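Novice:
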Amino acid sequence: MNKPNNSVTCIKREKEKAIEKIIRIARKEGWDYEDFSYVYRRVREKLGLKPGKKPKRLPRVLSEESFKRFYEEVEKADNLRHELMLKLLFYTAVRNQELVNIKMADVYLDENKIFIEGGKGDKDRYVLFNQDFKMALKVYMKNNPKNRYLFQTRLNDKYSTRRIQQIVKYYAEKAGIKATPHTFRHQAITWLTKNGFNDAELMLITGHSSKESLKIYQHISLQDVENKYQNAMKRLEF
Numbered sequence: 032m033n034k035p036n037n038s039v040t041c042i043k044r045e046k047e048k049a050i051e052k053i054i055r056i057a058r059k060e061g062w063d064y065e066d067f068s069y070v071y072r073r074v075r076e077k078l079g080l081k082p083g084k085k086p087k088r089l090p091r092v093l094s095e096e097s098f099k100r101f102y103e104e105v106e107k108a109d110n111l112r113h114e115l116m117l118k119l120l121f122y123t124a125v126r127n128q129e130l131v132n133i134k135m136a137d138v139y140l141d142e143n144k145i146f147i148e149g150g151k152g153d154k155d156r157y158v159l160f161n162q163d164f165k166m167a168l169k170v171y172m173k174n175n176p177k178n179r180y181l182f183q184t185r186l187n188d189k190y191s192t193r194r195i196q197q198i199v200k201y202y203a204e205k206a207g208i209k210a211t212p213h214t215f216r217h218q219a220i221t222w223l224t225k226n227g228f229n230d231a232e233l234m235l236i237t238g239h240s241s242k243e244s245l246k247i248y249q250h251i252s253l254q255d256v257e258n259k260y261q262n263a264m265k266r267l268e269f
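All residue numbers for the sequence shown refer to the working numbering, where the first residue is 32 and numbers rise by one.
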């Protein structure tokens, strides 16, 4: 049978004594909730104590069935612009803010690439899209030659991130699921991970990196992962 740790027991006993002392002072002085808040805030400040970081939530990832059901609803709506922007969210794993800022000149159809200027952390990068997706994107761009932005409103301005959120929510509700634009970034990263992409390769095309991690893939070029990306996306049906 394990004996109790004396040091732990001692520390606990001292804490209880401190609590009892504070209670006696509070009762004597008639402290209310605000008094307690002030005292503990000042104690934390004097000791330089900061709350621990909350653990990050696991990203929301759709089941394969929910994922397909979402895009079935998108295709049923017969709205080419919506279909392209929502598929591009997945294929490229771009963030909402990055999607609305894509210009026509940023799209390199022959290379299946899109240039993302000033992404998160003000970092430029290229993202990839599926070979089979290229034809639909090519037709769309040909039919909208005067567009400055890839996706424009009827007022010839770029979409707001809020509007993209509303569009995603609309189709998600029709499919009976919960999703946000960022859901499809997580979905893409999860899919590519399942298909053998390592962290360095993912960081290169998703912009999900830090200064420390840059050195990890300094010898990896985008060309090294292009074929791997195309093969991974060929295995997906929706």
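Beta carbons are placed, not taken as given, at the ideal position from N, Cα and C, and that holds for glycine.
Remember, it's a predicted structure, so these values are computed and weren't measured experimentally.
Rounded to the nearest angstrom, what separates Asp230 and Ser191 at their Cα positions?
Specialist: Here residue 230 is taken as the residue at index 199 of the sequence shown, counted from 1. Here residue 191 is taken as the residue at index 160 of the sequence shown, counted from 1. Near 31 Å, if we compare the C-alpha coordinates of Ser191 and Asp230.
Novice: Could you give the residue range of the alpha helix (DSSP H) that holds Ile133?
Specialist: In the sequence shown, counting from the first residue as 1, residue 133 sits at position 102. First-last for Ile133: undefined, no H or E at that position.
Novice: Once DSSP output is grouped into helix, strand and coil, what is the label at Met32?
Specialist: For this step, residue 32 is matched to residue 1 along the sequence shown. Note that Met32 scores a pLDDT of 48, beneath 50, so its modelled location is shaky; the value from the coordinates is reported in the next line. It is coil, neither helix nor strand.
Novice: Can you tell me where the alpha helix (DSSP H) with Leu159 in it begins and where it stops?
Specialist: Numbered from its first residue, the sequence shown carries residue 159 at position 128. It is not in any alpha helix (DSSP H) - Leu159 instead sits in the beta strand (DSSP E) that spans 156-159.
Novice: Which one or two residues does DSSP pair with Ile147 in a beta bridge?
Specialist: As a position in the sequence shown, residue 147 is number 116, starting the count at 1. Per DSSP, Arg156.
Novice: Select from Leu78, Lys154, Phe160 the residue whose C-alpha is nearest the C-alpha of Ile145.
Specialist: The count along the sequence shown starts at 1 and reaches residue 145 at position 114. Here the closest residue by C-alpha is Phe160.
Novice: Quick one: residues in its chain with C-beta nearer than 7 Å to the C-beta of Val92, no 5 flanking neighbours on either side, listed in chain order?
Specialist: As a working note, residue 92 is residue 61 in the sequence shown. For Val92, where only same-chain residues beyond five positions count, the Cβ hits under 7 Å are His217, Gln218, Thr221.
Novice: According to DSSP, is Lys259 helix, strand or coil?
Specialist: Position 228 of the sequence shown holds residue 259. Lys259 falls in the helix class under three-state DSSP.
Novice: In chain order, what residues of the same chain lie with their CB nearer than 8 Å to the CB of Phe67, ignoring the 5 residues before and after it?
Specialist: Position 36 of the sequence shown, counted from the start, is the residue given in the question as residue 67. Taken in chain order, the residues that qualify are Ala57.
Novice: Beta carbon of Gly238, beta carbon of Arg156: below 7 Å?
Specialist: Taking the sequence shown and counting its residues from 1, the one referred to as residue 238 is at position 207. Taking the sequence shown and counting its residues from 1, the one referred to as residue 156 is at position 125. For Gly238 and Arg156, yes; Cβs fall inside 7 Å.
Novice: Could you compute how far the alpha carbon of Ile133 sits from the alpha carbon of Tyr171?
Specialist: In the sequence shown, the residue the question calls residue 133 occupies position 102. In the sequence shown, the residue the question calls residue 171 occupies position 140. So the two alpha carbons sit approximately 14 Å from each other.
Novice: Using the beta-carbon count (16 or more within 10 Å), is Met166 buried or exposed?
Specialist: Residue mapping note: residue 166 aligns to position 135 of the sequence shown, counting from 1. Exposed, by the Cβ-count rule.
Novice: Take Thr224 as the anchor and find which of Tyr260, Ala206, Ile195 has the nearest alpha-carbon.
Specialist: Translated into positions along the sequence shown, residue 224 becomes position 193. Checking every option, the nearest Cα to that of Thr224 belongs to Tyr260.
Novice: Spatial neighbours of Lys107 within its chain, please: C-beta separation below 7 Å, excluding the five flanking residues on both sides.
Specialist: To locate residue 107, count along the sequence shown from 1; it is residue 76. None.
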